[in-house]
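**Q** For the sequence shown, the UniProt record's numbering assigns the number 1 to the initial residue and increments by one for each residue that follows. Using N, Cα and C, we set each Cβ at its ideal position, and we do this for glycine too. Pasting in a structure now, in structure tokens, and then I'll have a few things to ask.
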Amino acid sequence: MPGGARRTGRGRGVTLRSAPARPAPVRPAGAPARFAADEAWGRRAARMLRPFADVRSGPTPAERARISRALMSGDPAADALLEAISRGDTSMSRLREALDEAIAGRPLPADEPEEVHAFVRSVTDLPDWLDPDLADRGARVCLRAGLTGQDVLGDLALLGGYRPSATTEVLTSTGRLTGEGTSRRIAETMAWWHAVAAPGGWRPGSRGWEMTVHVRLMHARVNRAMLDKGWDTAAKGMPINQGDMAATNGLFSATFLLGTLVLGIPHSPRDARAVMHLWRWVGLVMGVDEDFLHERPRRALRDMYHFLRISPPPDDNSVVLAESLLESYGMTGFPRLATLRRQLDVARHRAIATYLNGLAGMRELGQQPAVPWYPAVIIPANALAHGAAAVSPRVRWALERRGDRRIRRQIARYSRGTVQPIA
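See below:
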């Protein structure tokens with residue numbers, strides 16, 4: 001029946017009664033204006049995740065309230081630490097000394113303020129749930145994905161992450177992901193990811209762990225700087241908040257697994273859980289609320305689905321960031337046939353981006369969709385290689401070695417040799 005009408009009565013004497021309109025979801029008290037700014041767009045954007053996530057409907061009122069609170073929350077431990085430093089109660093050099101003491105198993109100096117003790121505990125205390133062997137396995141799975149894994153992080157996690165305008169203003173304000181510096185910034189992110197996935201790279205004291213702590217403190221500094229400049233928290237939430245931090249961690253874990261899967265890399269349940277386990281710990285070190293850190297990919301994708309449902313649609317910053325990212329692939333340093341190989345690399349990434357983000361996703365980012373020719377090539381190749389790895393330890397080892405080499409090479413190429421692999 002048109003217009004949602006319902007038929008009542010029997011026989012010829014029928015009347016039409018309009019179906020009651022679906023009530024609009026209740027807006028949580030205290031939610032920033034960006035919360036569910038365009039519910040229709042959010043539903044469309046999140047639709048692609050529904051088959052892979054534990055969802056039957058949109059976020060419940062309790063889940064909406066949970067996300068709303070997260071958007072208004074920063075990183076309490078890091079924020080308190082920076083406040084103590086600004087008061088002169090401690091310093092970055094004293095923090096480094098305290099971290100070294102904790103890693104060595106020695107007590108922290110008694111004269112350090114509680115803010116230092118709390119922050120050090122948050123990044124060095126291993127939780128009871130952490131299984132070192134499982135985290136190591138997760139790191140190997142990440143390396144095994146090789147170039148395909150990096151393509152997913154760049155063309156789905158990063159590029160797709162620009163579709164919601166939730167974080168785009170903060171990202172463009174730093175200037176590091178626009179213009180000529182984009183390639184280097186991507187290489188730095190790859191170097192951090194590679195350091196975390198290196199053997200033991202997640203453990204306290206490792207280079208991967210050190211970089212994660214550094215990123216956490218950098219985020220807290222950006223928050224302070226943006227707030228000092230008059231950031232409109234009532235409209236946008238905290239500049240870098242728990243919701244966006246949790247979504248970013250989900251991009252590195254659950255979305256990474258999903259993207260590599262649709263590009264031909266199958267993951268056993270044990271391997272998928274291992275990747276989630278690794279990034280559950282990395283997220284904790286990064287300052288993400290443990291309530292948003294999950295062991296099961298489908299549960300994490302449920303959060304990702306809900307984040308998208310309430311995210312604001314793309315804005316001009318989204319288009320600028322997307323264009324800068326895709327153009328940066330044309331600045332890659334190649335030793336031979338550089339012009340031709342750069343053109344091929346740009347075409348390859350545009351094909352992957354179209355396949356992973358869809359036609360609508362590319363158009364929303366101001367990009368012309370491309371024919372997904374590269375996925376048609378790489379999916380069967382990945383399925384063959386990783387299918388063999390599922391039954392052969394030797395093939396798994398070979399893929400891990402190959403993945404490590406390719407990631408190192410990509411870091412050097414994207415940065416033109418200015419960023420070196422750390423692990």
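Indicate whether Pro313 and Ala37 have their beta-carbon atoms separated by less than 9 Å.
**A** yes
**Q** Count the CB pairs spanning the region 297–309 and the region 41–50 that are closer than 8 Å, and state whether there are at least three.
**A** With the cut-off at 8 Å, the region 297–309 and the region 41–50 touch.
**Q** Beta-carbon separation of Val116 and Val213 under 9 Å?
**A** no
**Q** Do Ala102 and Pro204 count as a contact pair if the criterion is CB distance below 9 Å?
**A** yes
**Q** Cα separation between Phe256 and Met92?
**A** 33 Å
**Q** So Ala353 and Leu49 are supposed to be a Cβ contact under 8 Å. How far apart are they, rounded?
**A** At roughly 17 Å, the Cβ-Cβ gap does not stay under 8 Å, so Ala353 and Leu49 are not in contact.
**Q** Are the CB atoms of Gly175 and Ala220 within a distance shorter than 9 Å?
**A** no
**Q** For Leu130, which residues in the same chain have their Cβ closer than 7 Å to its Cβ, ignoring the five residues on either side in sequence?
**A** Its chain contains Trp281 as the residues whose beta carbon lies nearer than 7 Å to that of Leu130, once the 5 sequence neighbours on both sides are disregarded; these appear in chain order.
**Q** With 16 as the cutoff for other CB atoms within 10 Å, does Gln420 come out buried or exposed?
**A** exposed
**Q** Work out the CA separation of Trp373 and Ile379 for me, nearest whole Å.
**A** Between Ile379 and Trp373, the C-alpha separation is close to 10 Å.
**Q** Relative to the C-alpha of Arg224, which candidate in His194, Val170, Arg185, Trp202 has its C-alpha closest?
**A** Val170
**Q** Please work out which residues of its chain come closer than 8 Å, Cβ to Cβ, to Ala84, disregarding the five sequence neighbours upstream and downstream, and give them in chain order.
**A** Thr90, Pro113, Glu115, Val116
**Q** According to DSSP, is Pro2 part of a helix, a strand, or is it coil?
**A** Because the pLDDT at Pro2 is just 42, under 50, the model does not fix this residue reliably, and the point stays unresolved.
**Q** Quick check on the DSSP output: the alpha helix (DSSP H) that includes Ile407 runs from which residue to which?
**A** 393–415
**Q** What residue from Arg270, Arg66, Glu97 has the CA that sits closest to Asp133's CA?
**A** Arg270
**Q** If we ignore side chains and look at the alpha-carbon of each, how far apart do Arg406 and Ala191 end up?
**A** 12 Å
**Q** Below 9 Å between beta carbons: does that hold for Thr339 and Arg416?
**A** The beta carbons of Thr339 and Arg416 sit no closer together than 9 Å.
**Q** Which residues in the same chain have their Cβ closer than 6 Å to the Cβ of Ala389, if we skip the five residues on either side of it in sequence?
**A** Val395, Arg396, Leu399
**Q** Between which two residues does the alpha helix (DSSP H) carrying Phe252 extend?
**A** 242–252
**Q** Confirm, please, whether the CB-CB distance from Ser183 to Asn317 is below 9 Å.
**A** no
**Q** What residues in its chain sit with their C-beta under 7 Å from that of Asn382, if we drop five residues either side in the sequence?
**A** Thr148, Leu263, Gly264, Ile265
**Q** So is Ala145 buried or exposed if we call it buried at 16+ other beta carbons inside 10 Å?
**A** buried
**Q** Measure the C-alpha to C-alpha separation of Arg216 and Ala31 and round it to an integer number of angstroms.
**A** Their backbone Cα atoms lie some 24 Å apart in a straight line.
**Q** Can you give me the C-alpha to C-alpha distance between Ala78 and Ile186, rounded to a whole angstrom?
**A** 25 Å
**Q** If you count every other CB in all the chains shown that lies within 10 Å of the CB of Leu384, and 16 or more means buried, which is it?
**A** Looking at its Cβ environment, which holds fewer than 16 other Cβ atoms inside 10 Å, Leu384 is exposed.
**Q** List the endpoints of the continuous alpha helix (DSSP H) containing Arg163.
**A** No alpha helix (DSSP H) holds Arg163; DSSP gives it neither H nor E.
**Q** At a cut-off of 8 Å, would you count Leu326 as near the ligand ZN, judging by its Cβ distance to the nearest heavy atom?
**A** Because no ligand of any kind appears in the structure shown, any question about the ligand ZN cannot be addressed here.
**Q** For Tyr162 and Leu365, which I take to be in contact (beta-carbon distance under 8 Å), what is that distance rounded to the nearest angstrom?
**A** 6 Å
**Q** Determine the burial state of Ala40: buried for a count of at least 16 other Cβ atoms within 10 Å of its Cβ, exposed for fewer.
**A** exposed
**Q** State buried or exposed for Asp404, treating a residue as buried only when at least 16 other CB atoms are found within 10 Å of its CB.
**A** buried
**Q** Hey, quick one: how far does the alpha helix (DSSP H) through Met276 stretch, first residue to last?
**A** In the DSSP annotation of this structure, the continuous segment of the alpha helix (DSSP H) that includes Met276 starts and ends at 269–286.
**Q** Quick check: the Cα distance between Val391 and Ala370, rounded to an integer number of angstroms?
**A** 35 Å
**Q** State the CB to CB distance for the pair Val138 and Val319, rounded to an integer number of angstroms; the pair is presumed to be in contact (CB under 8 Å).
**A** Contrary to the premise, residue 138 reads as Gly rather than Val in this sequence. Between Val319 and Gly138 the Cβ distance is about 35 Å, and since that is not below 8 Å, they are no contact.
**Q** Hey, would you say Met304 sits closer than 9 Å to Ala347, going by beta carbons?
**A** no
**Q** Apart from the five residues just before and just after Phe334, which ones in its own chain have a Cβ nearer than 6 Å to its Cβ?
**A** Arg341
**Q** Considering just the uninterrupted stretch of the alpha helix (DSSP H) at Asp303, what are its terminal residues?
**A** 297–309
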